[in-house]
Amino acid sequence: MQQRWYSNILSKNIDVLNAMGNNKTRMLNILMQLRKCANHPYLFEGAEEPPFINDHRLVTNAGKMLLLDKLLTKLKVNGNRCLIFSQMTRMLDILEDYCQYREYDYCRIDGSTAGDDRDEAMEAFNRKDSTKFIFMLSTRAGGLGINL
């Protein structure tokens, strides 16, 4: 699926790409679309196939998710915990769906998280007896007084 979406983005914009940067605004837009596709095709409206449930397609439809799934499985078995940062909060939504699918206990902080909730999430993750395996952060929110 990811490869198909990536190819579609390129083929729809071949005229802009062939113009070699004459229209910088459109070029930047294309790059952002390719970046979104490289993260996960579900970042595009209409990419997720019905039924809209968290299942194996969440992992198999994106190369990065396939790798992340393998890494997290090994880290979990070894008793490690993980911090995952993303510049896109929508990608954090997808990762949250993934954590629910895999039944991983997690915390999340992004720009919409209230101060008290931020503190509570950090405390929950930092507790000695914490069951939290993953802490997801947006890069903006993660740079504001986080102590993990």
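Final position of the sequence shown in full-length UniProt numbering is 148; the numbers increase by one with none missing. C-beta: ideal position from N, C-alpha, C; glycine also. Since the structure is predicted, the reported quantities are computational estimates derived from the model, not experimental observations.
Contact between I134 and Y104 holds, since their C-beta atoms are separated by about 6 Å, short of 8 Å. With fewer than 16 neighbouring CB atoms inside 10 Å of its own CB, M32 falls in the exposed class. Annotated as proximal: G111 and R140, with beta-carbon spacing under 8 Å. Runs of the alpha helix (DSSP H) lying entirely within the segment 9 to 67, each at least 4 residues long, are 14 to 18, 24 to 39, 57 to 60 in chain order. Of L137, N126, K132, M136, the smallest CA-CA separation from L148 is found for N126. For S7, the secondary structure class from DSSP, reduced to helix, strand or coil, is helix. Straight-line spacing of the CA atoms in G46 and R102 works out to 24 Å. The criterion of a C-beta distance shorter than 8 Å is satisfied by P41 and M1.
For F85 against L10, the beta-carbon gap comes to about 28 Å, at or over 8 Å, which does not count as contact.
By DSSP's assignment, R108 forms a beta bridge with M136.
Residue pairing by DSSP places C82 opposite I134 in a beta bridge.
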